[in-house]
Amino acid sequence: MRNKIREGTIGLLIVLIMWVISVPMVSAEKVTLKVWEFGGQESYNQLAGEIVEEWNVENPQIRVDSEFLTGGTWEHYNAKVTTALAAGVGPDIFWGEDTYSAQLAHEGFLSSAPDYLVDYLKENMFSKGVFDSLATEGVVRGIPGSVMWLGTFYNKDMYREIGLDPEMPPRTWTELKNYAEKLTLFDSNGDMIRSGISMRFTGHGMGIADKWSPFLFAAGGSFLNEDATKAAVNSDAGIRALQLYVDIIWKLRADDPLVPHDAPAFAQKQTAMISSRGPWVIGYVETNAPEIDFGVCPIPRDDVTMGTGSGGGVVEVWRVNIEAPKEAWQFLYWLAQPEQAKRLLVSRGSLPPYKFLIDDPSYTSPQMQAFLAQENIIGRVLHWKAYEIYSIVGGYIQQVCYRKMKAKEALDAAAIEIDKLLKES
Amino acid sequence: MSIFGYGYWRKFVRRNRETLTAYVFLLPTIIFFGSIIYFPIAYSFFFSFFEGSVIGERRFVGLDNYFYLFKDRLFRQSMLNTFYFTAFIVILEVVISLGVALLLNRERIKFGNFFKMVYFIPVVSSLIAVALLWKWMYEPRFGFFNYVLSFIGIRPRAWLLSENTAMSAVILTIVWKNVGLYIIIFLAGLKGISKMYKEAASVDGATEWQVAKYITLPLLKPVTFLVITFAMIRGWLVFPEVYVMTEGGPVNSTRVMVFEIWEKGFLFFKMGIACAESYVLFSVILLITFIQRKLLKE
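Here the protein sequences come in this chain order: B and U.
The first sequence begins at 99 in our numbering and counts up one residue at a time.
The second sequence begins at 8 in our numbering and counts up one residue at a time.
Right, here's the structure in full:
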């Protein structure tokens, strides 16, 4: 009896040891990647889910579990990702806004892309500006998820009303101001009932500075100096770019802080043009106001420099957690291939980051072609304090637009705060 | 008997069996609330002496975060705005809810329960839905308010886009949302006042106004204090309405303390400063509540 018990125990121990040894071996063969994405429209989420399943079928050893975080704003999503990473339970791959995730990169939470992927991106990216947006502190840390740079939208019917040629949108700041002044309408009490152009100077400072940046870049300016150690926004270029806003609002009275703005105002015919908006407005107007005949043109050139620049668009980047296995980059490399990229990016309403997307039928409309004709696409400042830098500048732009400060005074004050921030960081 | 002895503890348990049993049953709740409420409160105080965010390294800076606040223009502006918000919200909510409660408390009031329900509906409505609804009602071209005002010849105004009217517009929304709760609280307080006092005063020839002034309101003091305290705390913590309706603008005219804390902590990754701001806010609320209690006692 005692022998039987002894034998049984030994047998059980052997089985247990073999099981303990085998579990890591089995686990080591299969990798699971957790992916988070900021939820888009239902059709996009469904398509993305199908593409992930295609990967899972082709790559049974590297399973991808994707999750769409919907029901909140970008701020909620960013906060969720950040707190998950801080708690050590963050996703392996996640969709990250360029400026926000610059902080994550600075704190060492993001993995850098392997050489084979960097070479692939360099070879296939449509614009250097977009490629630069993938890098933080000089290191590429993702692939494009959704790309948007900015253009000017205008109502062709309103152009015809006042005798302007709808196929000749403004090419320079002078033309922009002239057209905007002519397109503005007032009622018998002198109240503005239609602005000539809707500039962005309401909402959060980050958005305000973002939409102002194309004018800054057109004038040859920048937010920071070359090595990002000092503010450069209060240069002559910056002052001239902000003075454009002052001229439009207060000199020419072509816009007003007290009238509705942005895409809803454009769809409701309360403004003849909107400055610095992305391609998402095309779908918005086609859905909500299909009767509007509208065009898109590149950001007008600064008369002094004849420079142009469109920047500030959101480049949402697929990022990889520093703790994630190397297989995460294999998945992203696959996602960046033409077959997957075409379906995902077009469905998301993104502008084409890759050369092989340019000829896709989705980008052949005149409005989309206007975006593709934009020269000098510059990505956002990707300093790890970029979000705060933009917010500071945007806050002061608003002060100028509400006549609390003059352009030079405001940008000098912004520069002082930015310099202090850069010194502290 | 030694404290380390088994006998000591056996005796202790036997003597305090009932108390210990109660604590055992309370333990899950203590752990739950401790971990999601009390620990974060204590930890954020600790964090307020560090520089850094929820991610990455933190550096001990002592009281630097607190000194920084008083040099920060946005903090000062937020504090001032929140003070204005709270003052006006408290005054309007107390006056309106007390007035309506006095009316609803009358002997013969038709459809009293219906009115109570109507006033309470905003209280139980979603805060975000209310803020969005009011944002649309304030819309300059198509909003309800400008439409109504047009009938009496008042030109349309951009209520939320003007720094002169944005704060008032948000205050009105908040008052509308909350006043129902305070009406119910005042009504409960009024029901607690014996009719004997009013009857005696009426017999002596006191008017309704005199009854209200010399009997009802003084007896209602504890309830009034409660309502003021609630309204004040909620006023100091205002955020969702501002976030949805104005995002703190225009030109920071509606920027409030909680918005400032949220922005510093979650958008600018300055959690140490955000924690310091939270404790300054907490101290202000505590001080004001303490002063109120003192005044009530006097």
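Beta carbons: idealized from backbone N, C-alpha and C, even for Gly.
Where residue i falls: helix, strand or coil (DSSP)
i: B:Pro-189; result: coil
i: B:Arg-399; result: strand
i: B:Tyr-252; result: strand
i: B:Met-503; result: coil
i: U:Tyr-204; result: helix
i: B:Ala-422; result: coil
i: B:Gly-261; result: coil
i: U:Arg-66; result: strand
i: B:Met-223; result: strand
i: B:Val-394; result: strand
i: B:Ala-387; result: coil
i: B:Thr-171; result: coil
i: U:Phe-57; result: strand
i: B:Leu-232; result: coil
i: U:Ser-209; result: helix
i: B:Phe-315; result: helix
i: B:Val-124; result: The predicted model places B:Val-124 with a pLDDT of 48, which falls under 50 and marks its position as unreliable; any figure quoted below should be read in that light. In this structure, B:Val-124 counts as helix in the three-state DSSP scheme.
i: B:Lys-521; result: helix
i: U:Phe-104; result: The sequence shown places Ser at residue 104 of chain U, rather than the Phe named in the question. Correct three-state label for U:Ser-104: helix.
i: B:Thr-270; result: strand
Short Cβ contact (8 Å threshold) for residue i with residue j
i: B:Val-397; j: B:Ala-326; result: Looking at the sequence provided, one finds Ile at residue 397 of chain B rather than Val. No, they are not a contact pair.
i: B:Leu-533; j: B:Arg-417; result: Only positions 99 to 523 of chain B appear in the structure, and residue 533 of chain B is not among them; the question remains open.
i: B:Leu-219; j: B:Leu-232; result: yes
i: B:Ile-372; j: B:Asp-360; result: yes
i: B:Glu-425; j: B:Val-129; result: yes
i: U:Leu-109; j: U:Lys-123; result: no
i: U:Thr-296; j: U:Thr-236; result: yes
i: U:Glu-238; j: U:Glu-100; result: The sequence as given places Ala at residue 238 of chain U; Glu does not occur at that position. Yes, they are a contact pair.
i: B:Ile-487; j: B:Trp-310; result: no
Residue range of the unbroken alpha helix (DSSP H) whose run includes residue i
i: U:Val-291; result: 278 to 304
i: U:Val-177; result: 173 to 198
i: B:Arg-478; result: Looking at the DSSP string, B:Arg-478 is not in any alpha helix (DSSP H), and its letter there is neither H nor E.
i: B:Arg-446; result: 436 to 446
i: B:Gln-467; result: 464 to 470
i: U:Trp-166; result: Premise fails: U:Trp-166 is in no alpha helix (DSSP H) and is neither H nor E.
i: U:Thr-26; result: 24 to 40
i: U:Val-148; result: Per the sequence presented here, residue 148 of chain U reads as Arg, with Val not at that position. Neither: U:Arg-148 is in no alpha helix (DSSP H) and is coded neither H nor E.
i: U:Gly-119; result: 119 to 131
i: B:Tyr-142; result: 140 to 156
i: U:Arg-248; result: What sits at residue 248 of chain U in the sequence shown is Glu, not Arg. It spans 247 to 252 - the alpha helix (DSSP H) in which U:Glu-248 sits, taken as one unbroken run.
i: U:Arg-241; result: 228 to 243
Distance between residue j and residue i (C-alpha atoms, nearest Å)
i: B:Asn-222; j: B:Leu-455; result: 10 Å
i: U:Arg-22; j: U:Phe-40; result: 28 Å
i: B:Val-124; j: B:Arg-161; result: Residue confidence is low: B:Val-124 scores 48 on pLDDT, short of 50, so the model does not pin down where it sits. No coordinate-derived value is stated.
i: B:Glu-165; j: B:Thr-181; result: 16 Å
i: B:Asp-334; j: B:Asp-354; result: 25 Å
i: B:His-302; j: U:Gly-256; result: 8 Å
i: U:Ile-268; j: U:Ser-290; result: 15 Å
i: B:Asp-285; j: B:Glu-152; result: 59 Å
i: B:Phe-469; j: B:Ala-352; result: 24 Å
i: B:Ile-295; j: B:Gly-227; result: 27 Å
i: B:Trp-348; j: B:Pro-377; result: 29 Å
i: B:Glu-173; j: B:Gly-261; result: 44 Å
i: B:Arg-298; j: U:Lys-117; result: 52 Å
i: U:Ile-200; j: B:Met-290; result: 57 Å
i: B:Phe-224; j: B:Ala-203; result: 24 Å
i: U:Trp-183; j: B:Lys-275; result: 43 Å
i: B:Phe-192; j: B:Gly-236; result: 20 Å
Limits of the unbroken beta strand (DSSP E) element including residue i
i: B:Glu-414; result: 413 to 418
i: B:Phe-136; result: 129 to 136
i: B:Met-290; result: 290 to 292
i: B:Asp-163; result: 160 to 167
i: B:Ile-241; result: 241 to 245
i: B:Arg-375; result: 371 to 375
Three or more C-beta pairs closer than 8 Å, one from the region 245 to 258 of chain B and one from the region 508 to 517 of chain B: is that the case here? These segments do not touch.
Just checking, does the region 474 to 484 of chain B make contact with the region 196 to 206 of chain B on the three C-beta pairs under 8 Å criterion? Using a Cβ-Cβ distance cut-off of 8 Å, the region 474 to 484 of chain B and the region 196 to 206 of chain B are in contact, since at least three pairs of beta carbons, one from each stretch, lie closer than that value.
Meets three-Cβ-pair contact criterion under 8 Å: the region 136 to 153 of chain U and the region 251 to 262 of chain U: Yes, the region 136 to 153 of chain U touches the region 251 to 262 of chain U.
Under 8 Å: do the region 102 to 115 of chain U and the region 156 to 170 of chain U share three or more Cβ pairs, one atom per stretch? no
Pair every Cβ in the region 264 to 276 of chain B with every Cβ in the region 386 to 404 of chain B, then say whether three or more of these pairs are closer than 8 Å. yes
Tell me whether the region 431 to 441 of chain B and the region 487 to 507 of chain B touch, counting them as touching only if at least three CB pairs, one residue from each stretch, are closer than 8 Å. no
The region 266 to 284 of chain U touching the region 47 to 56 of chain U, judged by at least three CB pairs closer than 8 Å: Here the region 266 to 284 of chain U lies against the region 47 to 56 of chain U, with 3 or more beta-carbon pairs under 8 Å apart.
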